[in-house]
Amino acid sequence: MIEIINQAFEESMQAKQAFLRDNIDILVKAIDALTRCFRSGNKLLIFGNGGSAADAQHIAAEFVNRFRIERPPLPAIALTTDSSALTSIANDYDYSQVFSKQVTALGKAGDIALAISTSGNAANVLGAVDTCRKLDIATIGLTGGNGGKLVDRVDYLLTVSASKNTARIQETHILVAHVICEIVDQILFPSG
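Dropping the structure here:
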């Protein structure tokens with residue numbers, strides 16, 4: 029049992045260290061873009077499936093409520109929370125459209141979308157990213173492995189490439205999200 033625990037922690041640390049080494053420059057650019065988005069009065073749209081849907085909600089809550097400092101709310105919407113919208117779109121059209129139709133309804137030029145997919149191949153995430161491009165909404169892709177089909181579709185690609193283990197990828201994703209929240213807060217609210 030101890031060996032399994034040690035291995036899980038070691039794999040998680042390795043995934044995070046490799047992510048930092050491989051993605052720091054693009055992470056800085058993505059944070060800068062998101063900061064400009066909020067300064068301009070625009071919003072963040074976040075989406076993903078399963079654990080990534082939970083991450084979308086977690087990240088939106090950090091921006092809307094607060095992260096580490098007391099500050100005004102920042103506009104962030106998880107497109108994974110409205111069960112009526114999700115199920116009506118999936119029922120009347122197709123599950124692949126559950127995020128793209130919401131992006132069309134809620135997004136506007138100048139917003140940013142955070143697309144989360146551990147494989148980079150989720151059809152509904154890819155469809156929403158394509159819709160974002162049509163609406164002039166910048167996109168940040170948070171993915172794993174080789175990035176999947178998100179690679180050529182997003183403006184800022186952040187990939188946990190050192191692991192194919194979904195749990196290790198998701199653990200890195202939430203750390204990345206927390207770092208983004210912390211730095212955005214420091215830039216927008218330096219006296220916080």
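Going by the numbering used here, the first residue of the sequence shown is number 29, and it counts up by one from there. No residue lacks a Cβ here, since even glycine has one placed at the ideal position from N, Cα and C.
For this session: Return helix, strand or coil for L21, following the three-state DSSP convention.
Result: With the chain covering only 29 through 220, there is no way to say anything about residue 21.
Problem set entry | DSSP bridge partner residues for G148 (one or two, in chain order) | Bridge partners of G148: none, in fact.
Problem set entry | Cβ shell of K57 (< 8 Å), same chain only, five flanking positions each side left out | The beta carbon of K57 is closer than 8 Å to those of Y184 in its chain, skipping five residues each way along the sequence.
Problem set entry | Status (buried if at least 16 other CB within 10 Å, exposed otherwise) for L142 | Buried is the call here.
For this session: Please classify T108: is it buried, with 16 or more other beta-carbons within 10 angstroms of its beta-carbon, or exposed?
Result: It counts as buried.
Exercise. In the structure shown, what three-state DSSP assignment does L73 receive?
Worked result: In the three-state reduction of the DSSP assignment, L73 falls in the strand class, which pools E and B.
For this session: Would you mind sorting V179 into buried or exposed? The rule is 16 or more other CB atoms within 10 Å of its CB.
Result: Answer is exposed; the Cβ neighbour count stays below 16.
Exercise. Going by the beta-carbon positions, is the gap between S40 and E199 smaller than 8 Å?
Worked result: Going by C-beta atoms, S40 is nearer than 8 Å to E199.
For this session: Evaluate I52 with the Cβ neighbour count: other Cβ atoms within 10 Å of its Cβ, from every protein chain shown; 16 or more gives buried, anything less gives exposed.
Result: With fewer than 16 other Cβ atoms within 10 Å, it is exposed.
For this session: Check whether the Cβ atoms of N77 and N174 sit closer than 8 Å, and answer yes or no.
Result: No, the Cβ-Cβ distance between N77 and N174 is not below 8 Å.
Exercise. When the Cα atoms are used, what is the spatial distance from I59 to D50?
Worked result: The straight-line gap from Cα to Cα measures roughly 16 Å.
Exercise. Candidates Q125, I105, A82: which alpha carbon is nearest A150's?
Worked result: Here the closest residue by C-alpha is Q125.
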